[in-house]
Amino acid sequence: MSGQIGNQPTPPEAEGPLLLDIAEVSKRFPVGKTGWLSGKSHSLVHAVDDVSLTLARGETLGLVGESGCGKSTLVRLLARLTDPTSGSIRFGTRELSAIPAKDFARDPDRARIQIVFQDAGESINPRFTAADAIADPLRQLQGLTGDTLRQKVEEAATLCGLPLELLARFPHQLSGGQRARVGIARAIGPRPDLLVLDEPTAALDVSVQVTILQLLVSLRESLGISYVFVSHDLNVVRLLCDRVVVMYLGRIVEVGPARAVFDAPLHPYTRGLVAAVPRLDGVRADALRLVGDPKSPIDPDPNACRFHGRCPIGTDRCGVEMPELRRFAGGRQAACHYAEEAPA
Amino acid sequence: MSDTALGHARHVVTENPVTGFALALFILFVLAAIFGPSLVPYDPLASDTANALQAPSGQHWFGTDQIGRDIFSRVVVATRLDLGIAAASVALVFAFGGFAGLVSGFFGGWVDQVIGRVSDTIMAFPLFVLAMAIVAALGNTVPNIVLATGIINFPLYVRVARAETVQRREAGFVDAARIAGHRDMGVLLGQVAPNIMPIMVVQMSLTMGYAILNAAGLSFIGLGVRAPTPEWGIMVAEGASFIVSGEWWVALFPGAMLMTAVFCFNLLGDGLRDIVDPRRRT
Chain F
1 MSGQIGNQPT PPEAEGPLLL DIAEVSKRFP VGKTGWLSGK SHSLVHAVDD
51 VSLTLARGET LGLVGESGCG KSTLVRLLAR LTDPTSGSIR FGTRELSAIP
101 AKDFARDPDR ARIQIVFQDA GESINPRFTA ADAIADPLRQ LQGLTGDTLR
151 QKVEEAATLC GLPLELLARF PHQLSGGQRA RVGIARAIGP RPDLLVLDEP
201 TAALDVSVQV TILQLLVSLR ESLGISYVFV SHDLNVVRLL CDRVVVMYLG
251 RIVEVGPARA VFDAPLHPYT RGLVAAVPRL DGVRADALRL VGDPKSPIDP
301 DPNACRFHGR CPIGTDRCGV EMPELRRFAG GRQAACHYAE EAPA
Chain D
1001 MSDTALGHAR HVVTENPVTG FALALFILFV LAAIFGPSLV PYDPLASDTA
1051 NALQAPSGQH WFGTDQIGRD IFSRVVVATR LDLGIAAASV ALVFAFGGFA
1101 GLVSGFFGGW VDQVIGRVSD TIMAFPLFVL AMAIVAALGN TVPNIVLATG
1151 IINFPLYVRV ARAETVQRRE AGFVDAARIA GHRDMGVLLG QVAPNIMPIM
1201 VVQMSLTMGY AILNAAGLSF IGLGVRAPTP EWGIMVAEGA SFIVSGEWWV
1251 ALFPGAMLMT AVFCFNLLGD GLRDIVDPRR RT
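Here the protein sequences line up with chains F and D, keeping their order.
With the working numbering, letter number 298 in the first sequence gets 298, and the count goes up by one each step, no holes.
Residues are numbered in the working numbering as their position in the second sequence, beginning at 1, plus a constant of 1000.
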C-alpha cells in the first residue's frame, strides 16, 4: 500500500448543494435469542424507522429527542458504523448504504465523515497519548508518517486550542475539556466534510461547555465543515443549528428551521420538549407537560402514531392511522394529524 | 506513562515487600537458568560412587545422590530446563489462547461458540491426566511436554482474554478506531489487545507456576524428561525412595527448588496484578 489512501476530494460543484441525503432509512435489531438451535427471533426493535433527511453543504443540523429515541443509532448509521436494514444514504454523489460498514473503514470517503464522540475520555484509547490519538486517523486514512504526520497533529491540536505540551499525555492525565479538544482535533485532522457531534458537551462542566461550543462554531467557519449536532440541550441546538430534526421512538416527528421549530412547534411532542426546558420565570401556563414513558420500540403498531397514548391532544384516529411527515410553510415538516391546529 | 508506571511499580514493591522478594527470587532464577551450567562446582552428570549418598557438607552443599552426583549442581543446572519448558509453554499458550480469546470476545457468534466449546472440552478433563495422555500419545520429548502444558492452560487464557475483550468491544475507542479507518483485525490487534495486555501478563506469571509444576509432575511419574538429565521432578522421584532410609536431602532440595519457583511466580503474579489493577493506582 503506497500513496494516498485518504480522501480524493470531489469538487463541491460536481456534487451539488446536498452533502447528505438520507431516504427512508430504517434500522431494526432482532431481540431475544437468535442462536442457531433456537431458530430465528421474530421480535424486532425498531431503533430507526423510515427516516429521511437532508443536509446541505455548510449547514448545521440539530438532532434532538429523549434517550432511546434512536438518535445514537441514526448517528451510527450516517457515520457508517452500522448497516441500515433498508433505505438509502447518499453522501455527495455516492450511495453509501450498499457498502458494508466493515468495508467502509478502507473507503476513500471514510475520511470525509468523522465523529466527535459523546464521552471523549472513553473514546480515546487509554493506552494512547493525545498525540497518538490525533495521529491515528491521519496515519490510517491519509498514510502520513514522520514529520508530516507530526506537523499535521500539531496543526490540528493548535486549531482546537490544545497546548502542544499536552500532546504527550495520556487521557487520564487530561481534564475533561482537554479530552474533548483531543476528540475534536482527532475528528477534524483528516479534514472531513461532515462532522457528526454526538452530544459533544454532555459530559462537561457548564463553563467548559461554552468554550467547546465556541470552538465548534469557529471551526465550522474556518474549515467549512457541515455538522450534524446531536444534543439534549435545546438552548444549544437553537443557538448553533440552522435546522433541527426532532425524533421520537425512531421516527422523525418534526423538521424545520431551529428558531421556528422551537418558537412555534407544530408537533405536540416538540411542544412538550420545549416546555420541559427549565426557565427562571416558571412554567408557562399553556405549556404541555409530557407524562409517562415512551411506548416500547419492540414491534410497534405500524398503524398507530408512536406518540399516541402519551399525547395530550391525541384522538382515536391517532391509534389507527400513522401520521405521515407532511410539508408546511417555511420549509417545515411535521408528522401529526393536528399540526394545523398547533398554537402559533 | 513509562515513568509514572515505574513510579507506581516502585510504590507497589515498597508497600508490599513480598512482591519485592518475589522479584528478587525471580531474578535469581533467571540468572541461575542463564549462567548456572557454567558456574556450578561439579559436572551434574558425573557419578562418583565412592561418595554416594553423602549428607550436605561444605564440599557438597546439598549432599550427593545414590551414584554420587552433586545435588546442588544438578538442582542449579535443572533450572534452565524446568523454567525453559514452563516459559515456552506459557509463551505458546499466551499467543494461541490469548488470540483465541480476543477473537472469541470480539466477534462473538459462531466463532465464540466454537472456541468456547473447544476450551470447555479441555476443561472437562482432569488437566494433569490430559497432559499425561497427550505426552503418552505423542511421545516423551521436551516439545511434547511444552505442548501438553500449553494445551491444559489454553482454557484459562481464552477465558481471561475473552472476558477482557467483551468489556472493551463496545468501548468508545473501538468506534473511534473504526472511524479512523481501522478494520476489524486492526481494531482487535492494535487497539483492544494492548489494553488487555497487562492482565494477560499477570495471567502468564500466575500460570507459570502451574506450568513448572506440571512439567515436573510429568517427569516425576516418568512421562517427561528422562534420567539422567537433571530435572527437579525426576530428582524428587529418585530421591523419594531414600527418605525412608534417612537420606532426606536427595528429594528435599529439588523439591524445595520446585516449591520456591512456583511460589515465586505466584507471588510475582499477585504483585503484578496490584501494579496493573487500576483500582490500586494512586
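For each residue, glycine too, the CB sits at the ideal point set by N, CA and C.
- For Q1203/D, no Cβ of chain F is located within less than 8 Å of the residue's own Cβ.
- Using beta-carbon distances, D1043/D does not count as an interface residue toward chain F, since no partner is under 8 Å.
- The contact set of H1060/D on chain F, defined by CB atoms closer than 7 Å, is empty, because the minimum CB distance reaches about 52 Å.
- Pairing D1270/D with L1206/D, the inter-Cα distance amounts to about 8 Å.
- Judged by pairs of C-beta atoms under 8 Å, the stretch 1119-1131 of chain D does not touch the stretch 1063-1074 of chain D, as fewer than three such pairs exist.
- Pairing V1250/D with F1021/D, the inter-Cα distance amounts to about 27 Å.
- For the stretch 1162-1175 of chain D, the set of residues with a beta-carbon nearer than 7 Å to any beta-carbon of chain F comprises A1171, G1172, F1173, D1175, in chain order.
- The shortest CA-to-CA distance from P300/F to any of E24/F, E254/F, D21/F, A47/F is the one to A47/F.
- Around the beta carbon of K102/F, a 10 Å sphere encloses fewer than 16 other beta carbons of the protein chains shown; the residue is thus reported as exposed.
- In the three-state reduction of the DSSP assignment, T1141/D falls in the coil class, being assigned neither a helical nor a strand state.
- The DSSP-derived three-state label of I1151/D is helix.
- Within chain D, the C-beta atoms nearer than 7 Å to that of Q114/F come from I1179, in chain order.
- Going by beta carbons, T1079/D and A1137/D fall outside the 8 Å limit.
- Counting other Cβ atoms within 10 Å of its Cβ, Q1059/D stays below 16 and is therefore classed as exposed.
- Sequence-distant partners of R306/F (beyond 5 residues in either direction) whose C-beta falls short of 7 Å from its own C-beta, in its chain, are Y248, L249, R251, K295, P300.
- The beta carbon of R1226/D lies closer than 7 Å to those of N1140 in the same chain, with the five residues before and after it left out.
- With the criterion set as a beta carbon lying under 7 Å from some beta carbon of chain F, the members of the stretch 1182-1213 of chain D are H1182, R1183, D1184, Q1191, P1194, N1195, in sequence order.
- In the displayed model, Y1157/D falls within a helix according to three-state DSSP.
- Residues of the stretch 154-169 of chain F with a C-beta less than 7 Å from any C-beta of chain D: none at all.
- For M1259/D, the enclosing alpha helix (DSSP H) starts and ends at 1249-1276.
- Pairing A1193/D with R1168/D, the inter-Cα distance amounts to about 10 Å.
- It is roughly 30 Å from the alpha-carbon of L74/F to the alpha-carbon of Q1113/D.
- Where Y248/F is concerned, the enclosing beta strand (DSSP E) starts and stops at 243-248.
- Against chain D, the beta carbon of R271/F has no neighbour under 7 Å; the closest one sits roughly 34 Å away.
- DSSP assignment within the stretch 75-158 of chain F yields the following whole beta strand (DSSP E) runs of 3 residues or more, N-terminal first: 86-91, 113-116.
- Spatial neighbours of E1164/D in its own chain (CB-CB distance under 6 Å, excluding positions within 5 residues in sequence) are listed in chain order as I1196, I1199.
- Here A131/F has V153, L167, A168 as same chain residues with Cβ atoms under 7 Å from its own Cβ, once five neighbours each way along the sequence are excluded.
- With a cut-off of 8 Å on Cβ pairs, the stretch 222-239 of chain F is in contact with the stretch 251-269 of chain F, counting three or more such pairs.
- Cα atoms of E95/F and V217/F: separation of roughly 29 Å, rounded to the nearest angstrom.
- Taking each of H1011/D, V1135/D, R1010/D, G1116/D in turn and checking the Cα distance to L1223/D, the smallest one comes out for V1135/D.
- Flagged as an interface residue toward chain D: A79/F, by a C-beta distance shorter than 8 Å.
- Take L1081/D, set aside five residues on each side of it, and the residues of its chain with a beta-carbon closer than 6 Å to its own are E1231, in chain order.
- Of the candidates D21/F, R150/F, Q140/F, D21/F places its Cα closest to the Cα of S88/F.
- In this structure F1125/D is exposed. Its beta-carbon is surrounded by fewer than 16 other beta-carbon atoms within 10 angstroms.
- Around P100/F, the same chain offers D83 as residues with beta carbons nearer than 8 Å, after the five sequence neighbours per side are excluded.
- Within the stretch 301-327 of chain F, the complete alpha helix (DSSP H) runs of at least 4 residues fall at 316-320.
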